[in-house]
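Chemist: One structure coming up, written as structure tokens, with questions to follow.
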Amino acid sequence: MTDFSFGAFGFNGLSNVNIVLGKNGTGKSHILKQAEQLLTNNPEFGVVRYLSPERGGNLVHNPSMEQNLANPNWLRSSRNQNQANEFRQQSTTQFKVLETLTLREIESTPELRADLTFTFDTVVERINSLLDRVQIIRAEAAFTISDRTSNEAVNAEALSSGESELISLAIECLAFEKRIEPDKKNLLLFDEPDVHLHPDLQSRFATFIAELAMQADVYVVIATHSTSMVGALAKYGANVGFMTPGMTTVEFEPLNKVIETVIPVFGAHPLSSVFNESPILIVEGTDDERIWQQVVRSTSGRISLYPVAVGGLGEMPEYEEITVRILNAVYDKPVGYSLRDRDDGSSDIDDLEPIIRMKLACRAAENLILSDDVLTRNGTEWSLIQKLIEEWISTNPNHSQLQHMVEFAKTKFDRYNADLKEIRMILMSILASSKPWEIEVGQAIANIQIVENPAQHSLQSYLGDKVVRILLS
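Note that the sequence shown covers residues 46 to 518 in our numbering.
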């Protein structure tokens with residue numbers, strides 16, 4: 046972990062690959078620009094390069110820019126703004142610089158000179174590895190673009206925005222890599238590299254960035270809205286910092302298993318309404334996850350949630366806390382939910398904004414099996430089920446779960462409060478249901494008829510008022 050201080054600002058806890066997550070207006074661009082401005086002439090640092098977020102232009106060679114590049118401050122000053130209208134023309138000029146730097150590297154490195162397979166085309170292939178439909182080919186001015194299938198020339202203006210973006214950014218990354226000073230700290234600052242890139246391409250480019258950062262041992266800081274990029278970078282030991290308005294020091298932390306589990310949920314662009322149309326629902330375990338997945342399927346979108354299972358009640362607070370930080374850093378007016386079993390406690394629980402927290406009114410999800418709604422769906426009623434349970438106890442004296450069934454009987458068959466976890470499969474067999482219990486319960490919830498004064502053992506009463514009001518109304 047490495048800390049960088051620059052003026053009134055700072056990055057704490059940096060690894061090779063680092064992500065800054067934050068909504069528009071939180072100051073992500075500003076802190077990256079400050080890092081470039083204040084660290085560029087710091088003797089501890091080699092190359093510090095900032096890449097602006099709105100990158101315009103076309104991939105055409107402009108000879109006049111070659112002269113401008115001779116001034117080390119020209120590129121920095123031209124990009125020290127959110128809109129860099131000639132960014133891609135600059136990248137095309139950088140391609141010639143990349144070629145020169147590569148050839149000089151080969152010339153000065155005996156190992157590379159001895160490797161006859163390594164040429165500038167080897168570097169070009171790293172760019173082409175990001176592309177599917179087209180490829181670039183080195184040329185006198187800079188490069189040409191051709192269709193991979195037909196080999197026909199492709200005009201730069203005919204490229205998709207994603208293709209242009211990948212070529213441009215790859216050139217910038219590789220030119221940075223060739224300029225680094227190995228005995229110093231080198232820093233590449235990316236401002237929204239996800240712009241113009243489909244989520245699949247975001248993931249592909251994220252891998253490209255991470256591998257470059259680790260192989261070259263440089264620091265990369267990526268300010269983004271894209272949780273697709275965050276998910277792709279998780280396997281590379283990336284650190285993440287959540288930025289909020291007014292923050293001047295970003296504290297980075299490893300992308301732990303909780304963040305890796307939660308982050309894929311937030312795949313929609315933060316400024317869209319897609320996420321809030323299908324908000325996260327954190328639940329205790331995979332059984333609960335399957336129940337609510339079935340609810341979503343059975344309602345054909347009327348109830349739209351994204352259930353995420355944690356490893357048990359003990360992990361719920363950490364998942365909730367991480368989710369709150371992600372929601373507040375990435376989304377406008379977000380909302381999320383969490384749902385616990387009541388167990389032996391109260392069904393009351395305070396919200397952790399923007400997470401609305403709930404508990405079942407009955408003891409646990411397994412108790413929903415014996416609600417009147419589920420019994421009715423299976424063509425039976427509670428009085429008959431009681432008799433069948435008593436018969437089961439008398440005819441299964443050696444069953445491994447006998448004691449749990451006896452304990453249930455000792456509660457006077459308190460189906461609302463008893464601990465049914467160990468006997469849920471037996472109860473389903475007594476109901477003669479052919480479905481997994483999670484599916485049975487999920488379908489019953491999906492078909493619930495909400496009434497003003499629910500019966501004591503209705504599914505509505507077992508779920509509880511808050512669950513019904515928030516998730517099902």
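All residues carry an ideal CB built from backbone N, CA and C; glycine is no exception.
Grab the span of the alpha helix (DSSP H) containing ARG469 for me, first residue to last.
Modeler: Where ARG469 is concerned, the enclosing alpha helix (DSSP H) stretches over 469 to 475.
Chemist: Considering only residues of the same chain and omitting the five flanking positions on each side of LYS457, which have a CB-CB separation below 6 Å?
Modeler: Cβ within range, chain order: n/a, list empty.
Chemist: Name the DSSP bridge partner or partners of ASP236?
Modeler: Per DSSP, ALA268.
Chemist: In this structure, what does DSSP give as the bridge partners for VAL369?
Modeler: None; VAL369 has no bridge partner.
Chemist: Where does GLN501 sit, in a helix, a strand or coil, going by DSSP?
Modeler: It is coil, neither helix nor strand.
Chemist: Do GLY282 and LEU242 have their C-beta atoms closer together than 8 Å?
Modeler: Against a cut-off of 8 Å, the Cβ pair of LEU242 and GLY282 comes out as no contact.
Chemist: For the stretch 270 to 290 and the stretch 67 to 81, state whether three or more C-beta atom pairs, one from each stretch, are separated by less than 8 Å.
Modeler: Because the criterion of three Cβ pairs below 8 Å is met, the stretch 270 to 290 and the stretch 67 to 81 touch.
Chemist: Taking Cβ positions, are SER209 and LEU104 nearer each other than 8 Å?
Modeler: Against a cut-off of 8 Å, the Cβ pair of LEU104 and SER209 comes out as a contact.
Chemist: Between LEU340 and the rest of its own chain, which residues show a CB-CB distance below 7 Å, the 5 nearest in sequence each way excluded?
Modeler: According to the sequence as given, residue 340 is Val; it is not Leu. ILE348, GLY487, ILE490, ALA491.
Chemist: Could you tell me how far apart the beta carbons of ILE493 and ASP418 are, in whole angstroms, since I believe they sit closer than 8 Å?
Modeler: With a Cβ gap of about 7 Å, ILE493 and ASP418 count as contacting.
Chemist: Whole-angstrom Cβ separation of ARG370 and ASP386, contact assumed at under 8 Å?
Modeler: The Cβ separation is near 25 Å, so there is no contact.
Chemist: Report the option in TRP437, TYR382, GLU467 whose CA atom is closest to the CA atom of VAL513.
Modeler: Considering only alpha carbons, the answer is TYR382.
Chemist: Residues in the same chain with beta-carbon distance under 6 Å from PRO299, minus the five sequence neighbours each way, listed in chain order, please.
Modeler: Excluding sequence neighbours, PRO299 sits near ASN284.
Chemist: What is the DSSP secondary structure of ILE414, reduced to helix, strand or coil?
Modeler: Helix.
Chemist: If you compare alpha carbons, which of LEU246, GLY424, PRO481, GLN260 is closest to ASP333?
Modeler: Closest by alpha carbon: PRO481.
Chemist: Who are the near neighbours of TYR364 in its chain, counting only those whose CB is closer than 8 Å to its CB and skipping five residues on each side?
Modeler: VAL303, THR306, VAL307, ILE327, VAL353, VAL355, SER383.
Chemist: Between ILE254, VAL451, LEU143, which lies nearest to ASN63 when the distance is taken from Cα to Cα?
Modeler: It is ILE254 whose Cα lies nearest to the Cα of ASN63.
Chemist: What whole-angstrom Cβ distance do LEU204 and VAL179 have, given they're in contact under 8 Å?
Modeler: Sure, about 7 Å apart at Cβ, within 8 Å.
Chemist: What is the C-beta distance between MET110 and GLN134, in whole angstroms, given that I count them as a contact (C-beta under 8 Å)?
Modeler: Rounded, the Cβ-Cβ distance is 6 Å, consistent with contact.
Chemist: Thinking SER392 and LYS404 are a contact (beta carbons under 8 Å), I'd like their distance in whole angstroms, please.
Modeler: 5 Å between Cβ atoms; contact.
Chemist: Out of curiosity, what's the CA-to-CA distance linking ILE151 and LYS223?
Modeler: Taking the straight line joining both Cα atoms gives about 11 Å.
Chemist: To the nearest angstrom, report how far apart ASP396 and ILE172 are at their CA atoms.
Modeler: The alpha-carbon atoms of ASP396 and ILE172 are separated by roughly 48 Å.
Chemist: Roughly how many angstroms lie between the CA atoms of LEU84 and GLU226, to the nearest whole one?
Modeler: Their Cα atoms are separated by approximately 14 Å.
Chemist: Just to confirm before moving on: does the CB-CB distance between ILE367 and VAL380 stay below 8 Å?
Modeler: Contact: no.
Chemist: For GLY282, decide whether its Cβ has a neighbour in chain B, counting only Cβ atoms nearer than 8 Å.
Modeler: Looking at the structure shown, chain B is missing, and only one protein chain is on hand.
Chemist: Along the beta strand (DSSP E) that carries GLU485, what are the first and last residues, could you check?
Modeler: Careful: GLU485 lies outside any beta strand (DSSP E), inside the alpha helix (DSSP H) at 482 to 491.
Chemist: Can you name, in chain order, every residue of its own chain whose Cβ lies under 7 Å from the Cβ of SER191, other than the five neighbours on each side?
Modeler: VAL179, GLN180, ILE182, GLU197, ALA198, VAL199, listed in sequence order.
Chemist: Would you report the Cα separation of GLU217 and GLU329, rounded to the nearest angstrom?
Modeler: The straight-line gap from Cα to Cα measures roughly 45 Å.
Chemist: So within the stretch 341 to 403, which uninterrupted beta strand (DSSP E) runs reach at least 3 residues, ignoring any that extend past its ends?
Modeler: Listed in chain order, the complete beta strand (DSSP E) runs (minimum 3 residues) inside the stretch 341 to 403 are 351 to 354, 381 to 385.
Chemist: Please name the residue in ASP464, LEU372, PRO499, THR252 whose C-alpha comes closest to that of HIS270.
Modeler: Selected option, being the one with the closest Cα: LEU372.
Chemist: Give the straight-line distance between the Cα atoms of GLU485 and GLU452, rounded to the nearest whole angstrom.
Modeler: So the two alpha carbons sit approximately 24 Å from each other.
Chemist: Going by other Cβ atoms of all chains shown within 10 Å of its Cβ, with 16 needed for buried, is GLY509 buried or exposed?
Modeler: When all chains shown are included, GLY509 counts as buried.
Chemist: Starting from SER248, trace the alpha helix (DSSP H) in both directions and tell me its first and last residue.
Modeler: Taken as a continuous stretch (DSSP letters only), the alpha helix (DSSP H) holding SER248 covers 244 to 261.
Chemist: Should LYS466 and GLU426 be called a contact, given that it needs their Cβ atoms to be closer than 8 Å?
Modeler: No, these two residues do not count as a Cβ contact at 8 Å.
Chemist: Restricting to Cα atoms, I'd like to know which of LEU246, TYR264, GLU256 is closest to SER273.
Modeler: When only C-alpha atoms are compared, the closest one is LEU246.
Chemist: The alpha helix (DSSP H) with GLY286 in it runs from where to where?
Modeler: Per DSSP, GLY286 belongs to no alpha helix (DSSP H); it is in the beta strand (DSSP E), 284 to 287.
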